[in-house]
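Enquirer:
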Amino acid sequence: MILLVGEGDFSFSACLAKAFGSATNMVATSLSSEETLETKHWTNTAHLEYLKKKGCSIFHEVDVYDMNEAQKARRGILQKCKGDGLVLKEKVEFSKKDYHNKTGGGIESNKQFPLEQTFTFKFSLVPKNSW
């Protein structure tokens, strides 16, 4: 399962889906609402249509800075993963050393954002005999 947090126009997710030939193992999130994306990132429409066609789970208005909302999103994502036959196997601290934390678009697109309490969540398929 691939979790993408903070997608701007969903172009990165769409590229991954194209490379893999499927997005059924992907969850992509965006801080913006669907309505805001239409005006902020006009290119998102084609990407979202492609991702939906390829089976990607998409969540809007996921704010990783607001920990309450992030926890709600995490619970929602974990529930979605559980429903898709996945189980959380490991939560590890995100390695920041090679990550360039720049915002994705707009007038302040080169502005850095804080990377606090960041983790990588690793999922595994639930064995079919345990369903």
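One gets the working numbering by counting positions in the sequence shown from 1 and adding 535 to each. For each residue, glycine too, the CB sits at the ideal point set by N, CA and C. Model, not experiment: these values are computed from the prediction.
Taking the straight line between their C-alpha atoms, what separation do you get for lysine 553 and glycine 611?
Expert: In the sequence shown, residue 553 corresponds to position 18, counting from 1. In the sequence shown, residue 611 corresponds to position 76, counting from 1. Each residue's Cα considered, the two are about 25 angstroms apart.
Enquirer: Below 8 angstroms on the Cβ atoms is my contact criterion, and I expect serine 659 with lysine 617 to pass it. Report the Cβ-Cβ distance as a whole number of Å.
Expert: What you label residue 659 is simply residue 124 of the sequence shown in a count that begins at 1. What you label residue 617 is simply residue 82 of the sequence shown in a count that begins at 1. Serine 659 to lysine 617, Cβ: 12 angstroms. No contact.
Enquirer: Classify alanine 581: buried if its beta carbon has 16 or more other beta carbons within 10 angstroms, exposed otherwise.
Expert: In the sequence shown, residue 581 corresponds to position 46, counting from 1. With fewer than 16 Cβ atoms within 10 Å of its Cβ, alanine 581 is classed as exposed.
Enquirer: When you compare each of Gln614, Tyr585, Val627, Glu542 to lysine 575 by their alpha carbons, which one comes out closest?
Expert: Locating residue 575 in the sequence shown gives position 40, counting from the first residue. Taking only the C-alpha atoms, the option nearest lysine 575 is Glu542.
Enquirer: Based on Cα-Cα distance, which residue from Leu613, Phe654, Gly620 lies nearest to lysine 626?
Expert: As a first step, residue 626 must be located in the sequence shown, where it is residue number 91. Nearest C-alpha to lysine 626: Phe654.
Enquirer: In three-state terms, what does DSSP make of lysine 575?
Expert: On the sequence shown, residue 575 is found 40 positions in, with the first residue counted as 1. Three-state DSSP puts lysine 575 in a helix.
Enquirer: Restricting to Cα atoms, I'd like to know which of Cys550, Asp544, Ala563, Met536 is closest to threonine 571.
Expert: What you label residue 571 is simply residue 36 of the sequence shown in a count that begins at 1. Of the listed residues, the one whose Cα sits closest to threonine 571 is Asp544.
Enquirer: I need the DSSP call for lysine 589, collapsed to helix, strand or coil.
Expert: In the sequence shown, the residue the question calls residue 589 occupies position 54. Correct three-state label for lysine 589: coil.
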